[in-house]
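S.K.: Structure in structure tokens, see below.
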Amino acid sequence: MKESSLKRLFRFVLAHWPFLMLSTFAAFFFVIFNSASIWITATMINNILVDFNDMLIENKRLLSLSDLSMNDRLKLFSNNLLLKDTAINTVSSVCIALIVVFSAKNVSLYIKNITLSIVQYRLIRDLRNKLYSHLHYLSLSYFNKNKSGKLTAVLVNDIDNMRNSLSVMFQKLFVEPINILILMSLLFIVSSKLALIALLIIPVSGFIIFGISHSIRRRSRRSQAQLAGMTAMIAETISSMRIVKAFATKGFEINRFARETQKYYKLMIRRDRLRFVSSPVSETFGASIAALLLYVGARDVLVVESINSEDFLRFILLLFSLFQPLRSLTNVINELQNGLASADRVFDIMDIKSDIIDIDNAKEINDLNKKLSFENVSFSYGKKDEKVLNNINFQINKGEIIALVGPSGAGKSTLVDLVPRFYDTLSGAIKIDGVDLKEIKINSLRSLMGIVTQETLLFDDTVKANIAYGIENISDNEVMEAAKAANAHDFIKDLKDGYETIIGERGTSLSGGQKQRIAIARAIVKNPPILILDEATSSLDSESEKNVQEAIESLMHKRTVIVIAHRLSTVQNANKIIVLNKGNIVQEGKHEELINIEGIYKELHKMQFRT
3 MKESSLKRLF RFVLAHWPFL MLSTFAAFFF VIFNSASIWI TATMINNILV
53 DFNDMLIENK RLLSLSDLSM NDRLKLFSNN LLLKDTAINT VSSVCIALIV
103 VFSAKNVSLY IKNITLSIVQ YRLIRDLRNK LYSHLHYLSL SYFNKNKSGK
153 LTAVLVNDID NMRNSLSVMF QKLFVEPINI LILMSLLFIV SSKLALIALL
203 IIPVSGFIIF GISHSIRRRS RRSQAQLAGM TAMIAETISS MRIVKAFATK
253 GFEINRFARE TQKYYKLMIR RDRLRFVSSP VSETFGASIA ALLLYVGARD
303 VLVVESINSE DFLRFILLLF SLFQPLRSLT NVINELQNGL ASADRVFDIM
353 DIKSDIIDID NAKEINDLNK KLSFENVSFS YGKKDEKVLN NINFQINKGE
403 IIALVGPSGA GKSTLVDLVP RFYDTLSGAI KIDGVDLKEI KINSLRSLMG
453 IVTQETLLFD DTVKANIAYG IENISDNEVM EAAKAANAHD FIKDLKDGYE
503 TIIGERGTSL SGGQKQRIAI ARAIVKNPPI LILDEATSSL DSESEKNVQE
553 AIESLMHKRT VIVIAHRLST VQNANKIIVL NKGNIVQEGK HEELINIEGI
603 YKELHKMQFR T
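Per the working numbering, residue 3 is the first one in the sequence shown, and the count goes up by one each step.
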């Protein structure tokens with residue numbers, strides 16, 4: 003059975019138990035001092051309204067009693083502290099006591115709040131770090147099925163929503179139940195008859211709160227899912243703004259987004275209708291009970307005389323003080339449901355297992371010593387009967403260059419994605435020096451590889467940081483030498499700030515050829531024994547291609563290379579060319595061999611080089 007989000011959150015909270023303990027003690031003292039302030043305030047008002055001599059007589063009566071009730075004991079205790087020889091001295095004593103009690107109360111409140119804030123922000127920090135770490139753990143197949151905008155929404159919006167909800171919950175949930183318990187205890191001490199009537203507030207309020215809170219959680223889940231969809235749409239549209247403008251679809255995109263925001267608006271209004279009705283209903287019912295208590299209490303004071311005016315005054319002050327924590331608790335539970343809806347989405351992602359994992363006792367490798375081999379390799383993205391690759395067999399000896407060619411959709415990129423284990427084979431095995439990739443630690447395997455793709459992904463950082471990505475303690479000279487080898491140094495030094503130039507999101511301030519050369523410099527710095535080039539020059543103009551091709555030749559030197567090439571001119575010197583079609587190897591050999599026999603390679607060559 004799946005563990006509830008609340009229990010899982012509680013485990014995260016318990017990791018910070020020292021702060022929780024301190025906060026709980028502070029909350030307890032806050033409630034004690036808060037109750038004391040109400041008790042003293044009632045004494046103060048009574049001291050003003052009642053004749054001082056009557057107070058002295060009442061105190062003597064209490065001293066003469068042998069069997070004191072809890073209410074009498076508390077009154078006697080407060081009289082011993084506050085009652086002086088004259089009325090004005092008593093007032094002075096009460097005023098000093100109020101200052102001391104309110105100061106202690108607010109010091110306790112500050113300690114409670116600051117310690118709970120520490121717990122709250124540490125919890126959110128830990129959750130966000132754990133979720134971000136888990137996203138890195140998941141395989142590429144998960145990201146192919148889920149929009150990046152939705153994942154961003156969970157990582158940012160949902161966790162921030164949890165922060166807001168937990169902020170309210172932590173500040174109230176730790177103190178209000180104690181507050182309610184102590185205030186109710188004092189109400190019973192003052193008058194058990196009136197307290198029993200007041201007790202009707204709690205179960206009815208609880209019924210209202212819990213009845214509404216479950217509906218709020220359902221609606222919160224829907225609204226957060228809708229918000230995630232909107233975030234994904236925004237990210238997708240911004241990243242595709244060139245296409246939107248080129249196709250003149252501004253109006254279409256604006257209307258599409260407006261429809262989604264309208265759905266979100268309706269969901270939020272439905273949720274808030276419930277959220278905002280619970281407190282007024284509870285308070286209205288509470289006020290009705292209070293009116294009944296006023297009538298019954300006044301009758302007991304004026305007619306039956308079963309309770310004196312001081313006790314009745316104290317009871318009313320305590321009762322109205324009880325309304326605030328009850329109302330706060332109502333809001334806390336509503337906010338908690340909102341936060342738990344976000345927690346559900348966060349934990350749903352954390353529960354997803356990666357398809358690509360290290361087996362027990364996985365091996366470390368440091369180099370490719372002999373060969374990389376494909377043995378009866380088949381692969382499918384989904385249904386097993388829809389194979390993208392079928393029975394692939396070939397090997398690459400250390401230091402060889404193998405080229406993969408074929409029409410679009412032949413399976414070339416899929417084949418090279420299996421080498422760093424972005425995906426696992428459906429059947430068959432890929433081996434390095436006779437060891438199945440699945441028996442090698444993933445980080446160890448990928449550390450052997452440099453990958454340069456057609457779509458160059460750079461970070462919104464400096465040129466230097468992009469070249470040195472993932473490598474610590476690298477010198478400026480090493481970065482510069484890699485850039486020179488990649489034919490990038492000349493254009494880098496002409497940039498505004500040279501190697502310290504910020505290149506923008508995805509390297510938008512650079513041309514395609516410049517981005518490719520930085521990516522090649524990054525691969526040179528890594529110095530991998532295995533190099534994968536996935537159509538690295540296909541989208542470049544002739545001049546950029548020449549520069550990048552020279553950089554690639556520098557990168558390929560003394561490495562084992564798998565190159566996917568759309569332009570056949572780039573693979574003519576390969577040790578072996580493998581021709582793929584519909585997931586099968588249909589031809590293999592050197593350029594001179596394949597150009598002279600009928601087949602796909604010859605047809606591709608004719609199409610590219612016909613005059």
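Even glycine gets a Cβ: it sits at the ideal position worked out from N, Cα and C.
State buried or exposed for M232, treating a residue as buried only when at least 16 other CB atoms are found within 10 Å of its CB.
M.R.: buried
S.K.: Count the other CB atoms, across all protein chains shown, that sit within 10 Å of the CB of I98; report buried if there are 16 or more and exposed otherwise.
M.R.: exposed
S.K.: Rounded to whole angstroms, what's the CA-CA distance from I116 to I42? Just pull it up for me.
M.R.: Distance from the CA atom of I116 to the CA atom of I42, rounded to whole angstroms, is 27 Å.
S.K.: Excluding five sequence neighbours on each side, which residues of the same chain lie with their C-beta closer than 8 Å to the C-beta of V437?
M.R.: K365, I367
S.K.: What are the start and end residues of the beta strand (DSSP E) that includes L374?
M.R.: 373-381
S.K.: Going by the CB atoms, is the gap between A89 and R316 shorter than 8 Å?
M.R.: no
S.K.: So the candidates are I476, F461, D462, R423; which of them puts its Cα closest to the Cα of M451?
M.R.: R423
S.K.: For N395, which of helix, strand or coil comes out of DSSP?
M.R.: strand
S.K.: Does the Cβ of A260 have 16 or more other Cβ atoms within 10 Å, making it buried, or fewer, making it exposed?
M.R.: exposed
S.K.: Please classify K86: does DSSP put it in a helix, a strand, or coil?
M.R.: coil
S.K.: What are the start and end residues of the beta strand (DSSP E) that includes N583?
M.R.: 578-583
S.K.: Tell whether a beta-carbon distance below 8 Å holds between A412 and K584.
M.R.: yes
S.K.: Where does the unbroken beta strand (DSSP E) through S429 begin, and where does it stop?
M.R.: 429-434
S.K.: Identify the residues that DSSP records as bridge partners of Q589: which are they?
M.R.: V581
S.K.: Exposed or buried, what is F254 when buried is set at 16 or more other beta-carbons lying within 10 Å of its beta-carbon?
M.R.: Exposed: under 16 other Cβ atoms inside 10 Å.
S.K.: Can you pull the DSSP bridge partners for V454?
M.R.: L535
S.K.: The alpha helix (DSSP H) that contains L447, what's its start and end?
M.R.: 444-448
S.K.: Could you work out which residue in S410, N371, L420 is closest to E383 when comparing CA atoms only?
M.R.: In the sequence under discussion, the amino acid at residue 383 is Tyr, which differs from the Glu named in the question. Out of S410, N371, L420, L420 has the C-alpha closest to the C-alpha of Y383.
S.K.: From the DSSP output, read off the bridge partner residues of A405.
M.R.: V565, I579.
S.K.: Expressed to the nearest angstrom, what Euclidean distance is found between the alpha-carbon atoms of K152 and D346?
M.R.: 14 Å
S.K.: Do I564 and I398 count as a contact pair if the criterion is CB distance below 8 Å?
M.R.: Cβ distance < 8 Å, so I398 and I564 count as in contact.
S.K.: Strictly by DSSP, which residues pair up with K195?
M.R.: In the DSSP output, where bridge partners are listed per residue, K195 has none listed.
S.K.: Looking only at C-alpha atoms, which of I403, V93, S380, E388 sits nearest to N395?
M.R.: S380
S.K.: Do you know whose CA, among V93, R127, L338, lies nearest K9's CA?
M.R.: L338
S.K.: Given a cut-off of 8 Å, decide if I520 and A490 are closer than it, judged by their beta-carbon atoms.
M.R.: yes
S.K.: Y144 lies in the alpha helix (DSSP H); which residues open and close that run?
M.R.: Taken as a continuous stretch (DSSP letters only), the alpha helix (DSSP H) holding Y144 covers 142-147.
S.K.: So for K608, helix, strand or coil by DSSP?
M.R.: helix
S.K.: Note down, in chain order, each residue of its chain lying with its Cβ closer than 8 Å to the Cβ of K468, except the 5 sequence neighbours on either side.
M.R.: Reading off the sequence shown, one finds Asn at residue 468, where the question assumed Lys. The answer, listed in chain order, is L460, F461, I505, G509, I520, R524.
S.K.: When the Cα atoms are used, what is the spatial distance from V418 to Y471?
M.R.: 22 Å
S.K.: Note down, in chain order, each residue of its chain lying with its Cβ closer than 8 Å to the Cβ of L184, except the 5 sequence neighbours on either side.
M.R.: Position check: residue 184 holds Ile in this sequence, whereas Leu was assumed. Correct list, in chain order: V33, I34, S37.
S.K.: Can A405 be considered in contact with the ligand COA, in the sense that its beta carbon sits closer than 7 Å to one or more heavy atoms?
M.R.: No copy of the ligand COA appears in this structure; indeed no ligand is present at all.
S.K.: Taking all protein chains shown into account, do 16 or more other C-beta atoms lie within 10 angstroms of the C-beta of K608, making it buried, or fewer, making it exposed?
M.R.: exposed
S.K.: According to DSSP, which residues form a beta bridge with I473?
M.R.: In the DSSP output, where bridge partners are listed per residue, I473 has none listed.
S.K.: Taking L406 as the reference, give the member of K517, K592, M235 with the closest Cα.
M.R.: K592
S.K.: Could you tell me which of S449, L58, R124 sits nearest to W19, measuring between CA atoms?
M.R.: R124
S.K.: On the three-state DSSP scale, how would you describe V645?
M.R.: Nothing about residue 645 can be read from this structure; the chain reaches only from 3 to 613.
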